[in-house]
Amino acid sequence: LAKTTQPISMDSYEGQEVNITCSHNNIATNDYITWYQQFPSQGPRFIIQGYKTKVTNEVASLFIPADRKSSTLSLPRVSLSDTAVYYCLVGDIVGSQGNLIFGKGTKLSVKP
Amino acid sequence: GAVVSQHPSWVICKSGTSVKIECRSLDFQATTMFWYRQFPKQSLMLMATSNEGSKATYEQGVEKDKFLINHASLTLSTLTVTSAHPEDSSFYICSARDNLGQGNEKLFFGSGTQLSVL
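Chains A and B are the protein sequences, given in the same order. Here this note's numbering is used: the first residue of the first sequence is -2, the next is one more, and so on. Here this note's numbering is used: the first residue of the second sequence is 1038, the next is one more, and so on.
Given below as structure tokens:
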């Protein structure tokens, strides 16, 4: 059962790069790392997923070191609309077996 | 990406009545769907796993007789909050996973339902 630990909150300014790190010391061999974004009163939205090294898509990059015990979500040049809660999940998405647990997430506040 | 539609977006009901929330996967088949509840400024809490054609699996502490889940087809799961009370007021969210059967499965979430019980 991979538990994740993230900072509770982060502040940034528009145009800056934001890096949110998630610790998952007990990650299993078959686990993937997935990040979701949630705006108030909305369901979470998939951002990015990775297994090792680096993954990049049109909205973010995900850096995973060789030991996979942590991961870093990188948001380039954030804007006000990136203000949201970001969740790091680790597992194979079998909820009833406890592999999919939402931690407290990181509340990112982007200021003008 | 895949789309999950959840209805209604919000509902207000009187105490003692039942409320049904629908969750549909619009462009993919979902043999498994999940139901969560979320209180203000808190994280999502998994309530149950909904399996098509079989009984749902409830997390510890979730009353299965109060939160009825039906997953009659590969694209529809419903959550019925029976005899709702004010303490059931919460934000309910469903999700479905793609069915690729690979380790890198992803979850796709509905837009949520805000339930207010008077």
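Cβ atoms here follow ideal geometry from the backbone N, Cα and C, with glycine treated the same way.
For the region 36 to 54 of chain A, the set of positions with a beta-carbon nearer than 8 Å to some beta-carbon of chain B reads S38, Q39, G40, P41, R42, F43, Q46, Y48 in chain order.
DSSP, read as helix, strand or coil, puts S76(A) in coil.
At least one beta carbon of chain A lies nearer than 8 Å to the beta carbon of S1080(B). Counting only residues of its own chain and dropping the five nearest sequence neighbours on each side, A57(A) has a CB closer than 8 Å to the CB of W32, I44, I45, L70, S71, L72, P73.
Beyond the five residues adjoining it in sequence on each side, K1057(B) comes within less than 6 Å, by CB distance, of T1115, T1117 in the same chain, given in chain order. If the five residues before and after F36(A) are omitted, its C-beta is found closer than 7 Å to the C-beta atoms of A81, all from its own chain and listed in chain order. By the criterion of a C-beta distance shorter than 7 Å, D1064(B) is surrounded in its chain by A1039, V1040, once the five residues flanking it on both sides are discounted.
Put simply, the CB of T31(A) is near chain B, with a gap under 8 Å to one of its CB atoms. One thing to note: F99(A) has its Cβ within 8 Å of the Cβ of Y84(A). With fewer than 16 other beta carbons inside 10 angstroms of its own, S1091(B) counts as exposed. Approximately 5 Å separates the beta-carbon atoms of Y10(A) and K108(A); this is inside 8 Å, confirming the contact. In the three-state DSSP reduction, D1135(B) falls in the coil class, being neither helix nor strand. By the neighbour-count definition (other C-beta atoms within 10 Å, threshold 16), S1087(B) is a buried residue. Here H1044(B) has E1059 as same chain residues with Cβ atoms under 6 Å from its own Cβ, once five neighbours each way along the sequence are excluded.
Secondary structure of E55(A) (DSSP, three-state): coil. Contact of G12(A) with chain B is not assigned, every C-beta pair being separated by 8 Å or more.
Non-local C-beta neighbours of T1112(B) in its own chain, meaning closer than 7 Å and more than five positions away in sequence, comprise R1061, S1062, Q1066, A1067, ordered along the chain. In its chain, beyond the 5 residues on either side, Q3, I5 have a beta carbon closer than 8 Å to the beta carbon of K101(A).
In this chain, the beta strand (DSSP E) harbouring T1115(B) covers 1113 to 1118. Take the alpha-carbon of F1145(B) and the one of T18(A): they are about 23 Å apart. Boundaries cannot be given for F1076(B), as no beta strand (DSSP E) includes it and DSSP labels it neither H nor E.
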